[in-house]
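Going from the sequence shown to this note's numbering is simple: count from 1 and add 1.
Take a look at the structure set out below.
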Amino acid sequence: MKRLIFAANWKMHLSPDAARRFLDVFLQGYEPADDREVWFFPSAIALEAVVRRAVDEPGIVVGAQNVHWELKGAFTGELSVPMAKEAGARAALVGHSERRHVFGETDEETGRKVKALLDHGLTPMLCVGEKIEQREAGETLTVVERQLAVLAEYEPDTLERIVIAYEPVWAIGTGKTATPRDAAEVHAYIRGWYADRGVAPEAARILYGGSVKPDNIAALVSEAEIDGVLVGGASLHPVDWAGMARAGLD
Ligand code: PEP
């Protein structure tokens with residue numbers, strides 16, 4: 002059975018106290034179901050608070066928004082994979098467009114982060130996606146292929162442990178959403194990339210992200226190619242997010 006992932010990227014929002022209050026409200030409307038999981042990516046400082054509050058809830062996974070590939074050392078401001086793991090993280094975002102385009106994270110760095118996470122048994126959620134000028138120049142699939150190339154060294158059983166989030170940069174935080182058909186086209190390409198490396202179509206987990214909201218989530222998750230969503234802004238409202246995580250159940 003397809004197990005949808007509803008992932009919340011809280012970015013630099015929700016302090017530990019605010020995160021606890023969020024979860025108190027969210028959990029009242031949360032409906033665990035066999036066909037879905039709800040993932041939270043809080044800020045590093047709220048990670049442990051979210052784990053503690055949600056650890057016993059079925060279907061909930063907590064992850065870090067960013068990690069460094071080194072295990073320890075003089076890297077002021079960074080978070081190592083073992084630290085995130087000790088705080089209860091089971092996953093981490095890698096290559097989010099804000100990391101790539103605001104903080105200048107390179108493909109090489111995303112590759113190192115993916116490896117560090119895999120080495121410690123955490124799930125990387127690798128974000129890929131094109132900028133508007135790249136889409137207009139017809140380069141969407143070339144960009145996505147280049148971003149996926151950091152995974153080229155892995156065997157199928159390792160690739161299956163990695164979640165991909167296709168997030169067109171022009172759709173993140175802008176209110177513009179790719180249509181389910183547009184997203185499905187890129188998802189099909191990514192699934193084909195996985196298949197070429199021996200991964201069965203149903204084993205690849207490919208999410209869509211970019212201005213997913215209460216009014217468009219049902220259409221997106223009902224698209225066969227879309228295995229879930231990565232949501233920023235709309236995941237900050239506990240009632241909305243609980244409702245979004247029920248998409249397709251009602
Ligand atoms: C994101 O941060 O990954 C994202 C998709 O943001 P938003 O939903 O606000 O577009």
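Note that the Cβ used here is the ideal one computed from N, Cα and C, for glycine as well.
Note that the structure is a prediction, hence the values are computed from the model and not measured.
- Per DSSP, what kind of secondary structure is P239 in: helix, strand or coil? helix
- Task: Would you check if there are 3 or more beta carbon pairs closer than 8 angstroms linking the segment 189–209 to the segment 111–123?
- Result: no
- Looking only at DSSP bridge pairs, what is T77 linked to? Paired residues: none, contrary to the question.
- For L231 and A8, believed in contact at Cβ under 8 angstroms, the rounded distance: 5 angstroms
- the ligand PEP heavy atoms versus the CB of G96: any closer than 8 angstroms? no
- Item | Whole-angstrom distance between S223 and P181, CA atom to CA atom | 9 angstroms
- Is there contact between the segment 50–68 and the segment 30–40, where contact requires at least three CB pairs shorter than 8 angstroms? yes
- Message: For D108 and A189, I'd like the C-alpha separation in whole angstroms.
- Response: 22 angstroms
- Query: For E131, is the classification buried or exposed, using 16 other Cβ atoms within 10 angstroms of its Cβ as the cut-off for buried?
  - Reply: buried
- Message: Taking the straight line between their C-alpha atoms, what separation do you get for A225 and R192?
- Response: 12 angstroms
- Task: Note down the Cα distance separating F23 from V151, rounded to an integer number of angstroms.
- Result: 35 angstroms
- Cα separation between W11 and E156? 32 angstroms
- Message: Closer than 8 angstroms is the cut-off here; do at least three beta carbon pairs connect the segment 48–62 with the segment 76–93?
- Response: yes
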